[in-house]
Amino acid sequence: MANARRGNVCSSHGAPTMRKGCTEPGCTKIAQMLQKCVAHGGGRRCKMEGCMTYARAGGYCVRHGRELVLRSSALANLDTALMEPVTLDFDLINLSDDSSGAMTSPHLGDGSGLLSEGDAVLLGYFLH
1 MANARRGNVC SSHGAPTMRK GCTEPGCTKI AQMLQKCVAH GGGRRCKMEG CMTYARAGGY
61 CVRHGRELVL RSSALANLDT ALMEPVTLDF DLINLSDDSS GAMTSPHLGD GSGLLSEGDA
121 VLLGYFLH
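Numbering (UniProt numbering), first residue to last: 1 to 128.
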């Protein structure tokens, strides 16, 4: 396998860098954002409110990114068989009927759209 090349030389042996450097005097690092390296304020901050750590993946720092993954996997692994059924207030849910008079899928009372089976399970879980 050949090394990455630019011109007649590989990138490890003298090919000039095409990226701009940090504008901070004396710094030789590559600029990330705002023409500065991460050490001099050129990185993105975590999207989580109040977090001053630099973002790594998906706009979140390592800690908050991990928390989001754990939360989403916890919701995905909910054992719905262990949940007790919940009676919903029919003021919140409308049952639409079609022209034949038959009842169809439940809808949210505010007219925002269909309440899916997954939404109903989650709603029941949190209302319990």
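Just so you know, even glycine gets a beta-carbon here, dropped at the ideal spot from N, CA and C.
Helix, strand or coil for Lys-71? Go by DSSP, reduced to three states. The amino acid occupying residue 71 in the given sequence is Arg; Lys does not appear at that position. In this structure, Arg-71 counts as helix in the three-state DSSP scheme.
Under the three-state DSSP convention, the category His-13 falls into: coil
With contact counted as at least three CB pairs below 8 Å, one residue from each stretch, are the stretch 43–58 and the stretch 21–31 in contact? no
Quick one: residues in its chain with C-beta nearer than 8 Å to the C-beta of Ser-12, no 5 flanking neighbours on either side, listed in chain order? Asn-3
How is Gly-42 classed by DSSP in three states: helix, strand or coil? coil
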